[in-house]
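In what follows, a single structure is set out as structure tokens and then discussed.
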Amino acid sequence: MPLDSRHRAALIEKAMELQKTLSEMTYRAEEVRLQNAALEEENDLLKEYIENFITRVILECLTRQRLLASDHSVSWVKVLTSVMPRGARGHVRSISTTLSNTKALCSSSCWTGSSIGRRPTAVIDMGLHTWKVGFATESKPRWRIRSLHDRWEDWTPDELESFLGHVLLDRLLVSPPTNADSWGDTRILVLENMFTPRYIRDSPTALVVDMGHSSSRVVPVFACMPVMEAAVESASYRKARPRPTDEHSHSGDEILELVVSAMVEAVTKCPIDVRRHVASKVYFVGGWSGRPSLEADILEAFALLVSDKLPNFSSKSITVFDTDPSMDPTDLIWIGASIYGGRGRFLVAVNDQFSSIGMPVPHPAMHKSTADDSMGVRVTDWLNTFQ
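Residue numbering for the sequence shown follows our numbering, beginning at 386 and increasing consecutively.
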């Protein structure tokens, strides 16, 4: 029988409601699908995090127990697999490959001479422009970090303490021990700005010129001993001008004049019978080294000025030590300290102990301000927490 208009309208309304319900269900289904995709992604990230976390825990446990380099590490994985929740066992099993790779690392050259219970010495080169940090026996620094200030006078004790904390805790992943056994014989070798040439030992006699970012240090070395009473630090490259925005905007003429003046002063402070030997061999290190034209101009001006003290002395009388082309000139001092720190036992002393143990004492003129002394005390106290 034919439908009347009232029934037709009711059916149309019902069909529209069904269509609306279907649209809502389709929208909700798409929303659920997106939520499931997001949950799967979060689950994958969580699995990766758990695996990395378990890996770090196992490696730390094995390192503390000195089992990492032995075959007992596989047994450790089996034990941990048996006691851990079922959902995490797959992550532990996947760590066997990581342990194998870590064993290979421990047997490599960078770990030679260091037991598993003894962590390598941390080496920190506190440059005015860039801090270079890493571990002893390694061929190059792990991190190069831009310094907060370009002059030591601008540092405060709190800033230096905080920056050292960032270097050790965040970059080198070193943390104070919970007990002495877990720490082993960890050592921290800090290269202070004034004593970096101390680690140059390639030649028994030479004039070491450390051309840093903001100033230069010249240290005569005679018979493998640094003549610290003749050490000279040049005036700051930026002393008479505001700081430029470009870190490479130093004037070449200004650097040449200041470096040459410091070299002449250092040679003049040496004993008379040592001057010619020291002046005839020059070793350039630091961030501004490795520039042949600048070094040639420096040697020419130096020979001209020092000839008043040394008759018949010219630039041809000077031998410049060449460095390995594969090495970054800015890393030479850090590399020397890395070798030095990897030799085993070495003497650790702060400035006020130098005279009592017979080590060379830096020239008084090399101390910039009393702020350096206060920072040295703070740094010493802070580093003692790691010993």
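C-beta atoms are modelled at their ideal positions from N, C-alpha and C, and glycine is treated no differently. In this text the structure is predicted, and so the values were computed from the model without any measurement.
A residue is called buried once 16 or more other Cβ atoms fall within 10 Å of its Cβ, and residue 696, having fewer, is exposed. Per DSSP, the continuous beta strand (DSSP E) segment holding residue 595 begins and ends at 591 to 596. Leaving aside the five residues that flank residue 597 on each side, the residues in its chain whose CB is nearer than 8 Å to its CB run, in chain order, 512, 513, 514, 578, 671, 672, 673. Residue 523 carries a coil assignment under DSSP once its states are collapsed to helix, strand and coil. The straight-line gap separating the alpha-carbon atoms of residue 427 and residue 713 is approximately 43 Å. As the crow flies, the alpha-carbon of residue 650 is around 59 Å from that of residue 434.
Between the C-alpha atoms of residue 701 and residue 507 there is a straight-line separation of about 41 Å. Nearest Cα to residue 517 within the set 557, 405, 547, 541: 557. Contact annotation: residue 526 and residue 716 have beta-carbon atoms nearer than 8 Å.
DSSP assignment within the region 654 to 679 yields the following whole alpha helix (DSSP H) runs of 4 residues or more, N-terminal first: 657 to 664.
Under the DSSP assignment, residue 547 falls in the alpha helix (DSSP H) whose first and last residues are 542 to 550.
Under the 10 Å beta carbon count, residue 658 is surrounded by fewer than 16 other beta carbons and is classified as exposed. Cα atoms of residue 420 and residue 407: separation of roughly 20 Å, rounded to the nearest angstrom. A buried status is given to residue 510, since no fewer than 16 other beta-carbon atoms sit within 10 Å of its beta-carbon. Bounds of the alpha helix (DSSP H) holding residue 722 are 717 to 726.
Judged by DSSP secondary structure, residue 389 falls outside any beta strand (DSSP E); it is assigned neither H nor E.
The criterion of a C-beta distance shorter than 8 Å is not satisfied by residue 590 and residue 534.
Taking the C-beta atoms as reference points, residue 665 is found no nearer than 8 Å to residue 523. Using a Cβ distance threshold of 8 Å, residue 606 and residue 616 do not count as a contacting pair. Going by DSSP, residue 511 is part of the beta strand (DSSP E) stretching over 507 to 511. CA-to-CA, the gap between residue 519 and residue 409 works out to about 60 Å. A Cβ-Cβ separation of about 5 Å places residue 641 in contact with residue 682 under the 8 Å criterion.
Within the same chain, and ignoring the five residues on either side of residue 608 in sequence, the residues whose Cβ sits closer than 7 Å to its Cβ are 589, 590. Inter-residue distance for residue 432 and residue 545 is about 38 Å (C-alpha atoms, whole angstroms).
Beta-bridge annotation (DSSP): residue 704 is paired with 666.
Look at residue 432 here: in three-state DSSP terms it is helix.
Looking from the CA of residue 645, the closest CA among 528, 684, 414, 612 belongs to 684.
With respect to residue 612, residue 655 sits close: the two C-beta atoms are nearer than 8 Å.
In chain order, 515, 517 place their CB closer than 7 Å to the CB of residue 529, counting only its own chain and leaving out the 5 sequence neighbours on each side.
According to DSSP, residue pairing for residue 619 in a beta bridge does not occur.
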